[in-house]
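Protein chains in written order, with our numbering: chain A, 1 to 152; chain B, 153 to 304. Cβ coordinates follow ideal geometry from the N, Cα and C atoms, glycine included. None of these values were measured; they are calculated from a predicted model. Read the structure below first, then the notes.
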């Protein structure tokens, strides 16, 4: 079962296999196109008609907007890390695009904890975040290396 | 020397080692905080004073905004791929944060080309994109797997 904790989480509180489920976010067409105009102005993110003739087969959100929405859901979600969500890096893939009107939700799982003895005040937690749409289809898998602080 | 081509590039036009240099983008404090409010509402991205006591030591852009700006620079930049920039996935790391007022520029390098015989109409190009600030410090390294079409 997902562990929806409310108190801030320290390195000491995390264990491999632990899961967290976020809230949801519905992406409006305006919001999709607004992000695209600012950061990813390509026809398949801006123009419904032009998008049909592309690999996407219709209007699709920028993958970077899917990533940004995922971050929003993580920040506002259950796994409130003490000190915040600080990513050193990530691997990301988009098996299918996010569409206008999609409602996204993120399930996170702790897959690895690296707590070096030399730096007992912080460690690195590898978290796999699967972002799904309302049909439970995965639109993004993002595996992040997070800097997490110890309670001491 | 970076190769700033103007004609759309097909798989046939790319070779390992080829480089492209983008234009520049200066991130205002308003734009930094606007992105954070929408997608990454954490104190170190929103509040100059609160940010000083964090790992960032001062106001820092969301890493996902650095990624989004990098995408903008790629889309508007020199390596105009035929069919657009379509990413299947990426590895990303942020060696240091982007700050308000920073001017970013991206240098891209083709590091691998995978052109399967079974699908002669398209291939995957692995492109390493280094995003630097005005002091030439690297704020992001993003290695993307791009779907690129053949001319035929």
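* **Residues that residue 223(B) bridges to, as DSSP identifies them** => None, per the DSSP bridge assignment.
* Asked: Does the segment 252-269 of chain B come within contact of the segment 213-232 of chain B, defined as at least 3 CB pairs closer than 8 Å?
  -> yes
* For the 8 Å Cβ check, are there 3 or more pairs between the segment 279-293 of chain B and the segment 123-130 of chain A? -> no
* To do: Rounded to whole angstroms, what's the CA-CA distance from residue 297(B) to residue 186(B)? Just pull it up for me.
  => 29 Å
* Evaluate contact between the segment 172-187 of chain B and the segment 234-241 of chain B, counting only Cβ atoms and requiring at least three cross-stretch pairs below 8 Å. => no
* Closer than 8 Å, Cβ to any Cβ of chain A: which residues of the segment 188-204 of chain B, in chain order? -> 190, 191, 192, 193, 194, 195 and 196
* C-alpha gap between residue 214(B) and residue 92(A), whole angstroms -> 16 Å
* Give me the Cα-Cα distance between residue 197(B) and residue 286(B), rounded to the nearest whole angstrom. => 20 Å
* Smallest Cα separation from residue 221(B): which of 203(B), 204(B) and 294(B)? -> 294(B)
* Would DSSP call residue 4(A) helix, strand or coil? -> Caution is warranted here: a pLDDT of 49 is assigned to residue 4(A), below 50, making its placement in the model unreliable, and the coordinate value is therefore given only provisionally. It is coil, neither helix nor strand.
* Residues near residue 189(B) by beta carbon distance below 8 Å, same chain, minus five either side -> 198
* Same chain only: Cβ atoms within 7 Å of residue 299(B), ignoring 5 sequence neighbours per side -> 238, 240, 274 and 276
* Closest by C-alpha distance to residue 169(B), when choosing among 247(B), 303(B), 265(B) and 304(B) -> 265(B)
* Asked: Three-state secondary structure (DSSP) at residue 171(B)?
  -> strand
* Which residues bound the alpha helix (DSSP H) around residue 201(B)? -> 200-204
* To do: Mind listing the chain B neighbours of residue 90(A)? Cutoff is C-beta to C-beta under 7 Å, in chain order.
  => 244
* So residue 149(A) is in the beta strand (DSSP E); what residue range does that whole segment cover? -> 138-149
* Asked: Can the beta-carbon of residue 104(A) be found closer than 8 Å to that of residue 20(A)?
  -> no
* Alpha carbon to alpha carbon, how far is residue 14(A) from residue 58(A)? -> 41 Å
* Which residues, in order along the segment 116-143 of chain A, keep a beta-carbon less than 7 Å from a beta-carbon of chain B? -> none
* Asked: Considering residue 34(A), what are the terminal residues of the alpha helix (DSSP H) in which it resides?
  -> 29-39
* Asked: Would you call the CB atoms of residue 212(B) and residue 247(B) closer than 8 Å?
  -> no
* Residues of its chain near residue 102(A), where Cβ-Cβ distance is below 6 Å and the 5 sequence neighbours each way are ignored -> 27 and 133
* To do: Round the Cβ separation of residue 161(B) and residue 267(B) to the nearest angstrom and send it over; I've been treating them as touching at under 8 Å.
  => Actually they do not touch by this definition, with Cβ atoms about 14 Å apart.
* Asked: Any C-beta of chain A sitting closer than 8 Å to the C-beta of residue 265(B)?
  -> no
* Neighbour list for residue 185(B) in chain A, Cβ cutoff strictly below 9 Å -> Under the 9 Å cutoff, chain A gives no residues; its nearest Cβ is about 14 Å from residue 185(B).
* Close-in-space but distant-in-sequence residues of the same chain around residue 191(B) (CB under 7 Å, 5 per side omitted) -> 214 and 216
* Spatial neighbours of residue 270(B) within its chain, please: CB distance less than 8 Å, with the 5 preceding and 5 following residues excluded, ordered by chain position. => none
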